[in-house]
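Q: Quick one: structure below, then a few questions.
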Amino acid sequence: MLGLIGLCIAGTLLNGDFATVDNLMNVLTRTAFIGIIAVGMTFVIISGGIDLSVGSMAALIAGSMIYFMNMLMSAGTLGPLTILLIGIAMALLLGLAFGCLHGLLITKGKIEAFIVTLGTLGIFRSVLTYLADGGALTLDNQLSDLYSPVYYTSLLGIPIPIWVFLAVALGGALILNRTAFGRHVQAIGSNEQVARYAAIRVDFVKTCTYMLLGVCVGIATVLYVPRLGSASPTTGLLWELEAIAAVVVGGTALKGGSGRIVGTVVGAILLSVISNILNLTSIISVYLNAAVQGVVIIAVAYFQRGRH
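Numbering (the UniProt record's numbering), first residue to last: 1 to 308.
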């Protein structure tokens, strides 16, 4: 938290536009997509897992959602609002299904999470590239006009994506800290073998963490699609890096066992602030933003060695 405050002060000193309401709302709205995914990623990492596919998953969900809604629109049998609701439900169900697939391959297939999600990272993005024929899938204009307020509308002066992010973070914190499931996730991450001896359904709980992450990816995608109204092979690129960085910067141990949703939220905001400062100043090129995040992950992992 002190680091975030320090960055905000530095950003204000470097560029007066940083502290404007419009810019801060833009930073928080940008944070919402990665932050929502990072909440789900927190559960996966605490349980001792990892998911490298979330960016590609979001891209495929977005592309499938647009493709299917456009197809229904062309059929002309359903109204735009009904089609939009079906598309949103589809996004959440796809996220749930992809998460379940990951969980089953890891727990029942006995394949390392790194290998499974590295494989699906390529599969998901390749399927989207095929659906888009190497280009972009663009949402029907009528649907886009109906859908765009989900991203651009504010409630009490705060954009809707920020409200959804706060709701997901609050729900995640309650699940992690106040439920048996949350305690089981932490127990599995601390010592999986001891958790099995304690009669915890390890495979079921680990699969559920990936399903929870999948739903979070679905929610983030639902909020992201109305921003541009399109999906392409570059959609969600490096989101996995940003989500994992937010989690580890927030204090979650990469080897699992401990972590806090509040820390993840702060980590996600901190990374967005860094990105925003790079955009507003010329300290280093904005094209090195991913490199900065990579350095942050390595540095945090290094300093975590003796603490966990």
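Backbone N, C-alpha and C define an ideal beta-carbon position, used for all residues, glycine too.
Cutting at 7 Å between CB atoms, please list the residues of its own chain near Thr207, excluding the five before and the five after it.
A: Your numbering for residue 207 matches position 207 in the sequence shown. Answer for Thr207: Cys100, Gly103, Leu104, Thr107, listed in chain order.
Q: List the DSSP bridge partners of Thr138.
A: On the sequence shown, position 138 is the one that residue 138 refers to. Paired residues: Ser230.
Q: Which residue comes first and which comes last in the alpha helix (DSSP H) that contains Thr82?
A: As a working mapping, residue 82 is identified with position 82 in the sequence shown. Start and end: 80-107.
Q: May I ask you to report which of helix, strand or coil DSSP gives Leu52?
A: In the sequence shown, the residue the question calls residue 52 occupies position 52. Looking at Leu52 - three-state DSSP - the assignment turns out to be coil, as it is neither helix nor strand.
Q: Quick one: Cα of Ile61 to Cα of Val27, how far?
A: Sequence index remark: in the sequence shown, residue 61 carries index 61 (1-based). Sequence index remark: in the sequence shown, residue 27 carries index 27 (1-based). If you take the alpha carbons of Ile61 and Val27, they lie about 24 Å apart.
Q: If you count every other CB in all the chains shown that lies within 10 Å of the CB of Gln142, and 16 or more means buried, which is it?
A: The count along the sequence shown starts at 1 and reaches residue 142 at position 142. Classification for Gln142: exposed.
Q: Under the DSSP definition of a beta bridge, which residues are partnered with Ile66?
A: Working through the sequence shown from its first residue, we reach residue 66 at position 66. Looking at the DSSP assignment, Ile66 forms no beta bridge with any residue, so it has no partner.
Q: Would you please state the rounded distance, in angstroms, between the beta carbons of Gln293 and Ala245? I believe it to be under 8 Å.
A: Your numbering for residue 293 matches position 293 in the sequence shown. Your numbering for residue 245 matches position 245 in the sequence shown. Their Cβ separation, rounded to whole angstroms, is 5 Å, which keeps Gln293 and Ala245 in contact under 8 Å.
Q: What number of angstroms, rounded off, separates the C-alpha of Ile160 from the C-alpha of Thr20?
A: As a working mapping, residue 160 is identified with position 160 in the sequence shown. As a working mapping, residue 20 is identified with position 20 in the sequence shown. Rounded to whole angstroms, Ile160 to Thr20 spans 19 Å at the Cα level.
Q: Could you name the residues that DSSP lists as bridge partners for Ser154?
A: Counted from its first residue, the sequence shown places residue 154 at position 154. BP columns for Ser154 point to Pro159.
Q: How close, in whole Å, do the beta carbons of Leu139 and Leu131 come, if the pair is a contact with beta carbons under 8 Å?
A: The residue given as residue 139 occupies position 139 in the sequence shown. The residue given as residue 131 occupies position 131 in the sequence shown. Not quite, the Cβ-Cβ distance comes to about 14 Å (not below 8 Å), so this is no contact.
Q: Select from Leu7, Leu84, Phe98 the residue whose C-alpha is nearest the C-alpha of Gly218.
A: Locating residue 218 in the sequence shown gives position 218, where the first residue counts as 1. Ranking Leu7, Leu84, Phe98 by Cα distance to Gly218 puts Phe98 first.
Q: For Ala58 versus Thr252, is the C-beta distance shorter than 7 Å?
A: Translated into the one-based positions of the sequence shown, residue 58 becomes position 58. Translated into the one-based positions of the sequence shown, residue 252 becomes position 252. For Ala58 and Thr252, no; Cβs fall outside 7 Å.
Q: Whose C-alpha, out of Gly40, Ile9, Lys110, is nearest the C-alpha of Glu240?
A: Taking the sequence shown and counting its residues from 1, the one referred to as residue 240 is at position 240. Closest option to Glu240, Cα to Cα, is Gly40.
Q: Please report how far the alpha carbon of Gly236 lies from the alpha carbon of Leu118, in whole angstroms.
A: Within the sequence shown, numbered from 1, the residue matching residue 236 stands at position 236. Within the sequence shown, numbered from 1, the residue matching residue 118 stands at position 118. Cα to Cα, the separation comes out at about 15 Å.
Q: Once DSSP output is grouped into helix, strand and coil, what is the label at residue 309?
A: Since the displayed the chain opens at 1 and closes at 308, residue 309 lies outside it and no answer follows.
Q: Just tell me which of Arg201, Phe165, Ala167 has its CA closest to the CA of Phe181.
A: As a working mapping, residue 181 is identified with position 181 in the sequence shown. Ranking the options by Cα distance to Phe181, first place goes to Arg201.
Q: Can you tell me whether DSSP reads Glu112 as helix, strand or coil?
A: Here residue 112 is taken as the residue at index 112 of the sequence shown, counted from 1. Here Glu112 sits in coil by DSSP.
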